[in-house]
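Input: a single structure, listed below in structure tokens.
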Amino acid sequence: MAVAPGIKPRGLMPAADETDLTCAYNAHVKAPKLFNWSPEKNQLLLRERGISFERIVFEIASGNELAVLEHPNQDSYPGQKISMVQVDEYVYAVPFIETETELFLKTIIPSRKATRQYRR
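With this note's numbering, letter number 15 in the sequence shown gets -5, and the count goes up by one each step, no holes.
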């Protein structure tokens, strides 16, 4: 076997010269959840506010989800969270319910306050 000068083939190296590196990875990977919403609500939002759930999902997938907050009124909206999503130069609050298999988007609320807060 031809080997470059100064290089020993692994099989010919004495055990003292060998370094055995063992790497182990323990990763917990969550299965992706589906986004779901009411088609009627989506049409209403598109007509009245000019924004759709499809656009929100696109922006989240593009990395424009700025924060996920617990809904401040858990008595009236138990288990609900709010995603803050930037669309162009504006921030929208998107309340949702999370189950084991899906994220159910409830509505899309344009927020001047969140736009000021998140758009430095």
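Where a beta carbon is used, it is the ideal one built from N, C-alpha and C, also for glycine. Small disclaimer: the values here were computed from a predicted structure and weren't measured.
| query | result |
| --- | --- |
| Coarse secondary structure for K86, derived from DSSP in three states | coil |
| Nearest-angstrom beta carbon gap, S91 and F76 [assumed within contact, 8 Å] | Not confirmed; about 15 Å, so no contact. |
| Proximal residues to L83 (C-beta, below 6 Å), its chain only, five neighbours per side dropped | K13, F15 and F76 |
| Beta-carbon spacing of I40, V71 below 8 Å | no |
| Exposed unless 16 or more other CB atoms sit within 10 angstroms - verdict on A47 | exposed |
| Beta-carbon spacing of K21, T79 below 8 Å | no |
| Distance between L26 and P19 (C-alpha atoms, nearest Å) | 11 Å |
| CB-CB length for L85 against V67, believed under 8 Å | Actually they do not touch by this definition, with Cβ atoms about 14 Å apart. |
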